[in-house]
Ligand SMILES: Cc1cc2nc3c(=O)[nH]c(=O)nc-3n(C[C@H](O)[C@H](O)[C@H](O)COP(=O)(O)O)c2cc1C
């Protein structure tokens with residue numbers, strides 16, 4: 003069984019819901035999923051022991067949050083070349099943060115990213131049947147790639 007860390011920022015709970023549904027999808031694929039807020043990751047040692055990383059952050063002011071930027075520097079120090087990865091974001095109208103995180107994981111950290119690209123969901127969709135399924139399917143796709 004592979005072990006995947008789902009790590010996220012969420013100010014008002016939308017991205018956190020996505021993280022929980024993505025973790026469910028990973029478990030549907032038979033993998034172990036740990037769920038953590040970025041503030042729980044203090045240094046690169048907290049990133050040891052995982053086969054994959056799925057990283058989420060809402061878009062505020064057409065950007066990822068400062069906490070996510072700090073976390074990405076910790077990720078860089080962890081040297082995750084070749085590890086499985088995915089990224090996600092909730093948003094209302096522009097949704098830049100998911101693709102920005104995905105690109106950094108792919109091109110800077112040289113991680114093995116899921117073929118689906120980043121999962122971006124409008125906040126109004128997250129708690130619908132389609133939104134829940136989209137998150138679960140995304141987690142399952144990452145989990146299946148680790149089987
Ligand atoms: C001050 C503020 C700025 C925002 N800026 C953007 C933005 O630039 N683009 C966008 O798509 N959504 C923007 N949003 C919407 C949030 O991304 C959306 O509400 C998201 O679901 C919040 O996620 P969270 O509950 O995990 O914090 C903004 C929201 C607020 C309150």
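In the numbering used here, the protein residues as written are 3 to 149. The C-beta atom is built at its ideal place from N, Cα and C for all residues, glycine as well.
Heavy atom of ligand 1 within 7 angstroms of residue i beta-carbon
{"i": "residue 101", "result": "no"}
{"i": "residue 97", "result": "yes"}
{"i": "residue 13", "result": "yes"}
{"i": "residue 125", "result": "yes"}
{"i": "residue 42", "result": "no"}
Other residues of its chain near residue i: CB distance less than 7 angstroms, five sequence neighbours each side excluded
{"i": "residue 69", "result": "11, 40 and 41"}
{"i": "residue 60", "result": "11, 12, 13, 16, 17, 91, 92, 93 and 99"}
{"i": "residue 45", "result": "76"}
{"i": "residue 43", "result": "9, 49, 73 and 76"}
Residues bridged to residue i (per DSSP)
{"i": "residue 36", "result": "7"}
{"i": "residue 73", "result": "Per DSSP, none; premise fails for residue 73."}
{"i": "residue 90", "result": "58 and 121"}
Minimum C-alpha distance to residue i - residue among the options
{"i": "residue 140", "options": "50, 118 and 43", "result": "118"}
8 angstroms Cβ shell around residue i - same chain, five flanking residues per side excluded
{"i": "residue 64", "result": "96 and 98"}
{"i": "residue 52", "result": "5, 6, 7, 36 and 85"}
- May I ask you to verify whether the region 74-88 touches the region 27-37, counting CB pairs closer than 8 angstroms and requiring at least 3? Two segments are said to touch when three or more pairs of C-beta atoms, one from each, lie closer than 8 angstroms; by this definition the region 74-88 does not touch the region 27-37.
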